[in-house]
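Here is the structure we will look at.
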Amino acid sequence: MMKNSSDLADNCITLPDTRGYFGAYGGRFIPEVLMPALEELEKAYADAIEDPQFHKELEGYLKHYVGRPSPLYFAEGLTRHCGGARIYLKREDLNHTGAHKINNAIGQILLARRMRKNRIIAETGAGQHGVATATAAALFGLKCAIYMGEEDIRRQSPNVFRMRLLGAEVVPVTSGSRTLKDAMNETIRDWVTNVRDTYYLIGSVAGPHPYPQMVRDFQSVIGEETRRQVLETAGRLPDYVLACVGGGSNAMGIFYSFLADQEVKLIGIEAAGHGLATAEHSATLNRGCPGVLHGSYSYILQNDDGQITIPHSIAAGLDYPGVGPEHAYLKDTGRVNYTTATDTEALAAFQLLCRTDGIIPALESSHAIAEAVKLAPSLPPEKIIVINLSGRGDKDIPAVAGEPGVNI
1 MMKNSSDLAD
11 NCITLPDTRG
21 YFGAYGGRFI
31 PEVLMPALEE
41 LEKAYADAIE
51 DPQFHKELEG
61 YLKHYVGRPS
71 PLYFAEGLTR
81 HCGGARIYLK
91 REDLNHTGAH
101 KINNAIGQIL
111 LARRMRKNRI
121 IAETGAGQHG
131 VATATAAALF
141 GLKCAIYMGE
151 EDIRRQSPNV
161 FRMRLLGAEV
171 VPVTSGSRTL
181 KDAMNETIRD
191 WVTNVRDTYY
201 LIGSVAGPHP
211 YPQMVRDFQS
221 VIGEETRRQV
231 LETAGRLPDY
241 VLACVGGGSN
251 AMGIFYSFLA
261 DQEVKLIGIE
271 AAGHGLATAE
281 HSATLNRGCP
291 GVLHGSYSYI
301 LQNDDGQITI
311 PHSIAAGLDY
321 PGVGPEHAYL
331 KDTGRVNYTT
341 ATDTEALAAF
351 QLLCRTDGII
361 PALESSHAIA
371 EAVKLAPSLP
381 PEKIIVINLS
391 GRGDKDIPAV
401 AGEPGVNI
């Protein structure tokens, strides 16, 4: 049993345990045919992180191909508009391919090469993970197939074009709600059929062990850089770190380096869609309950019969009825506070940052900006808020242009 904040911090940064659990959450709930593949992956990852050559190669690609470190930018216009606390943006939108997803894609592609897998499969919602995966596969000349729901293909047509331009096969998914959940179902079916030569490149901190740990580790470069940059810039740690949460990879990436710093308040923002009082949201941690989805035990959106309910968000990347198991643990322990922003609030934040700082944010990231707009005016000017700007919003312009109240 954890007795104090120090115990909590120690537990947070040393999990998962050897079975892949974060407290009660995580594990492996998969078809038996996939168990050898996961055991092979777990061993390959354990070997890689002990190999200095792997780290040297990964750091080289992150620096010279992805463009890291990404800047920590003082959002002067947004700070002036809100009043109160100073707001900084961690500019993951400036990475090659325009989002944080490329950090993990490069890491897992290097792992796939070590495992001699010559075919890559992935699922995508907003398309950012699909583009990152297609890019990394093209870089190393690997075959690539990306599963994507028909509804997301409609909402994210620019990213579909990019994936095809990069040589990937985009496979439309027509089952269920035709969004990210259904794309992940189809990708798992493909993996079961072709497990011998195929590597499944999961883009979030979800899925069976070791994916939640592995994706978090590859994305933790975001928090490591942020911690160093804010100390250099402000001479101290931030008071708040904010990030949007769908599956939760960008949030875990920036939160992980601050888990032991109890004075830093961590806030994850889920998609409230049309409101928590309706059934049209993706607020898994705020309105869901524990269950099994896509290979792990975590909070999920389900009805009284245990059936997965259809999520909704204007941001395709948050339109998912589950969340990474480490987030479930951090919610239960109270280390991270999880709140929400509606579609309307995210749209307003999207337009606001365009006009205050000349930055077009992804709709996913706009949920975190919406929370900063609420929080900053209540704080004095010496307080510091850092927002993980997880991606750029070029991909969202066709969807946003059709929304009520948007004048372009």
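So for the sequence shown, UniProt numbering puts the first residue at 1; every next one is plus one.
Glycine residues also receive a C-beta, built at the ideal position from the N, C-alpha and C atoms.
Limits of the unbroken beta strand (DSSP E) element including residue i
i	result
I121	119–124
M148	143–149
E270	265–273
Y320	Where Y320 is concerned, there is no enclosing beta strand (DSSP E), given that its DSSP letter is neither H nor E.
K383	Run containing K383: none; DSSP gives neither H nor E here.
F74	72–74
Inter-residue spacing [alpha-carbon to alpha-carbon] between residue i and residue j
i	j	result
R19	L201	21 Å
Y73	T333	31 Å
M252	H81	28 Å
S366	T193	38 Å
A42	V195	Checking the sequence shown, residue 42 turns out to be Glu, not Ala. Distance between the alpha carbons of E42 and V195: 15 Å.
L379	I369	16 Å
K63	F218	14 Å
L276	T339	11 Å
E326	P212	7 Å
A134	P381	43 Å
P16	A37	19 Å
G84	D396	30 Å
H274	L318	13 Å
F29	Y21	12 Å
G235	R178	47 Å
L94	M184	27 Å
A75	T233	13 Å
Same chain, Cβ closer than 6 Å to residue i, five either side skipped, listed in chain order
i	result
F54	A48
I120	A137, L142, C144, Y199, L201
V245	A251, G268, E270
K265	Y240
Neighbourhood of residue i by C-beta distance below 8 Å, restricted to the same chain and skipping five residues each side
i	result
A44	L111, R114, M115
P321	K181, S282, T284, G288, L293, I300, L301, Q302, I308, T309, I310, P311
P290	A24, Y25, Y297, S298, Y299, I300, A328
L231	L237
Chain-order list of residues whose beta-carbon lies under 7 Å from that of residue i (same chain, five-residue window excluded)
i	result
I254	K90, I222, G223, T226, V241, A243, N388
F350	P361, L363, S366, G393, V400
E403	L347
R155	A316, A399
G324	S204, V205, A206, P212, G247, G248, M252, S298
N104	G203, V215, F218, Q219, S249
N286	E270, L276, Y338, T340
G31	Correcting the residue type first, residue 31 is Pro in the shown sequence and not Gly. Around P31: V192.
Span of the alpha helix (DSSP H) around residue i
i	result
I369	363–375
Y211	211–219
Y65	Here Y65 belongs to no alpha helix (DSSP H), and DSSP marks it neither H nor E.
G295	Element bounds for G295: n/a, residue is neither H nor E.
F161	157–165
P398	397–401
V131	128–139
Buried versus exposed call for residue i [16 or more other C-beta atoms within 10 Å across all chains shown]
i	result
M2	Its pLDDT being 42, under 50, M2 is placed unreliably by the model, and the measurement read from it follows with that caveat. Exposed is the call here.
V160	buried
N337	exposed
R355	exposed
T14	exposed
D197	exposed
K56	exposed
P210	buried
T174	exposed
M35	exposed
Anticipated Cβ contact below 8 Å, residue i with residue j, distance rounded
i	j	result
P208	S296	6 Å
A376	I87	6 Å
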